[in-house]
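Chemist: Got a structure for you, questions after.
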Amino acid sequence: MRTYEHAKATDHLGRYYTQNAISRFLVELFPHESPLFVLDLGAGEGALSLAASTKWSNADLITIDVDSVASQVLTERLLAGEFRGKHHHLPDDALGLNLKDSLAARSIGPLDVAICNPPFLIPKWCDDYSSILEDAGFSGSLPAITTTDAAALFLAQNMRLIAEGGSLGIIVPDSLVCAEKYLGFRSSLLDKYDVLQAIRLPRGSFVGTDALAHILVISKRKPTSGLVRLSCLPSEHGGLLNMTVDRDLAAKRLDFFYHSAQMLNNNSTIILSDVIIDLRRGSLNSAEVRSAESFVLHTTDINANMLGKWVDFSKRKFAPGKVPRITSIAEPGDIVIARVGRNAAEKVIGISGGPVALSDCLYRVRVKDEYRDLVLNSLSSLPGKRWMEMHAYGVAARHINKSDLLNMPLS
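In UniProt numbering, the protein residues as written are 1 to 411.
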């Protein structure tokens, strides 16, 4: 996500914009008092660079971005401020394989500090990206490299460029921190480098979007401790909440909320998997729901007044042959919860009359008869809602996966 001081949302490069508070917060995380060189890879108009120029006013600031207009704006802002160091701008591709040689040819380095706010998109794949990942120690850690988020590539490129012992502060999407897809990447990151801190940023940090992001602070050295510090910034002007977890556990998710909830789990005597018969996702996508000749239950059909209640759909029940294809069916006694969405934790109902077909945005939870009320009450309770919010992940639309849901404590 791009951090930028004006009220813009995402642009065609997948960049989000926020107030300068997050930029200042990020640079203050570094212990370095007087680095010689500071790198801002993919600098854009340079909110991070401007914050860095205030903290390290005598350093050489290196910005790299193909956007020549943005670099000109940044140069003018640096001149207008109190920055007394040198500004070197390279109008190069931030993910170019030869970038290291370009810096060396200009006698730039060693790079002590790197700050980075990459675009939140999946770039069109090129062979150079494989080399960047391999050089940084991430070869084989991604299951589908051609669908890799730009943030993973920017992280790897930064680790290639900074000096041994140097530090990187980078804003990354929630998926890189939480998604199963990046489990191998996180394991490699924690094994090869010293992850000093992972900070969950507050929702609303980025203008015009609810996108969720995190800051990772990483030192280019082998880990110095078996623990990783996880933090949460409740608001842009609040104090940090902190905890430490084992590095092996941190690979699961580098997320404060997730591990806080896991600690609560340890005090529970029963979890959903103890009573489940079947957990199944609906199979009809939004287009198929709209084209169906029979009613298909979707997240938009579940309102706040239904939370935790048994709802009768017998008058709108499933009609065989009137949906595009075979789908998941919820029967009376089943529980339905939203799988995805900003307010997914508020969409939990029981089915008292049916059957009813389900969209792929919903889970069907089928449990033993004697546990139906317990499960519905637990899922729809305030602790249950908080638990699902802590375990959901995603940049904008939040998801909760099956394996996490099965480990939900019942109360």
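Glycine is no exception: its CB is placed at the ideal position from the N, C-alpha and C atoms.
Given the structure is predicted, the values throughout are model-derived calculations rather than measurements.
#1: What's the C-alpha gap between Ala47 and Val27?
#2: Considering only C-alpha positions, which residue in the set Leu74, Pro123 and Ala251 is nearest to Glu180?
#3: Does the separation of the CB atoms of Ala151 and Val172 fall below 7 Å?
#4: Which same chain residues end up closer than 8 Å to His12 when comparing Cβ atoms and leaving out the 5 residues on each side of it in sequence?
#5: Under three-state DSSP, which class holds Pro383?
#6: Can you give me the Cβ contacts of Ala114 inside the same chain, cut-off strictly under 6 Å, excluding the 5 residues immediately before and after it?
#7: Closest by CA to Val340, which one among Ala330, Glu331, Tyr363 and Ser328?
#8: By Cβ distance, which residues of its chain are closer than 7 Å to Pro355, with the 5 residues on each side in sequence left out?
#9: Let me make sure I understand the geometry here. Which of His87, Asp112, Val348 and Ile270 has the alpha-carbon closest to that of Val311?
#10: Taking Phe83 and Ser53 to be in contact with their CB atoms under 8 Å, please state how far apart those CB atoms are, rounded to whole angstroms.
#11: Report yes or no: do the segment 209 to 229 and the segment 187 to 199 share at least 3 C-beta pairs separated by less than 8 Å?
#12: Could you give the distance in angstroms between the alpha-carbon of His391 and the alpha-carbon of Asp404?
#13: Leaving aside the five residues before and after Leu307 along the sequence, list all residues of the same chain whose C-beta is less than 8 Å from its C-beta, in chain order.
#14: Would you identify the three-state DSSP class for Trp334, choosing helix, strand or coil?
#15: Exposed or buried, Val177, counting other C-beta atoms within 10 Å across all chains shown (16 or more means buried)?
#16: Relative to the alpha-carbon of Ala156, which residue among Asn401, Gly44, Leu61 and Lys220 has its alpha-carbon at the smallest distance?
#17: For the structure I just gave you, are there three or more beta carbon pairs, one from the segment 50 to 68 and one from the segment 121 to 136, closer than 8 Å?
#18: Does the separation of the CB atoms of Leu284 and Ser359 fall below 7 Å?
#19: Quickly, what does DSSP pair Gln197 with across the bridge? List them, please.
#20: Restricting to Cα atoms, I'd like to know which of Ser141, Phe25 and Leu216 is closest to Ile170.
#21: What residue does the alpha helix (DSSP H) around Arg229 start on, and which one ends it?
#22: Taking only three categories from DSSP, how would you classify Leu410?
#23: Measure the beta-carbon distance from Val336 to Ile351 and round it to whole angstroms, keeping in mind my assumption that it falls under 8 Å.
#24: Could you tell me if Val289 is buried or exposed, where buried requires 16 or more neighbouring beta carbons within 10 angstroms of its beta carbon?
#25: Pull up the distance between the alpha-carbon of Leu249 and that of Phe185, whole angstroms please.
#26: Measure the Cβ-Cβ separation of Ser141 and Ser188 and say whether it is below 7 Å.
#27: Roughly how far, in whole angstroms, is the beta-carbon of Phe398 from the beta-carbon of Ala344, given that I think they are within contact range, below 8 Å?
#28: Kindly indicate which three-state DSSP category Ile132 falls into: helix, strand or coil?
#29: Is it true that the CB of His88 sits closer than 7 Å to the CB of Ile64?
#30: So the candidates are Gly42, Val73, Leu78 and Ala304; which of them puts its Cα closest to the Cα of Lys55?
Modeler: The short version:
#1: 11 Å
#2: Ala251
#3: yes
#4: Note on His12: pLDDT 49, under 50, position unreliable in the model; the coordinate value appears next. Counting only Cβ-Cβ distances below 8 Å, and skipping sequence neighbours, we find nothing.
#5: helix
#6: Leu39, Asn158, Ile162 and Leu168
#7: Tyr363
#8: Lys317, Phe318, Ile329, Ala330 and Glu331
#9: Val348
#10: 4 Å
#11: yes
#12: 7 Å
#13: Glu346, Lys347, Val348, Ile349 and Ser380
#14: Looking at the sequence provided, one finds Asp at residue 334 rather than Trp. Coil, per DSSP.
#15: buried
#16: Lys220
#17: no
#18: yes
#19: Val217
#20: Leu216
#21: Unbroken run through Arg229 is the beta strand (DSSP E), Leu227 to Cys232; no alpha helix (DSSP H).
#22: coil
#23: 6 Å
#24: buried
#25: 14 Å
#26: yes
#27: This sequence places Arg at residue 398; Phe is not what is there. Arg398 to Ala344, Cβ: 6 Å. Contact.
#28: helix
#29: no
#30: Leu78
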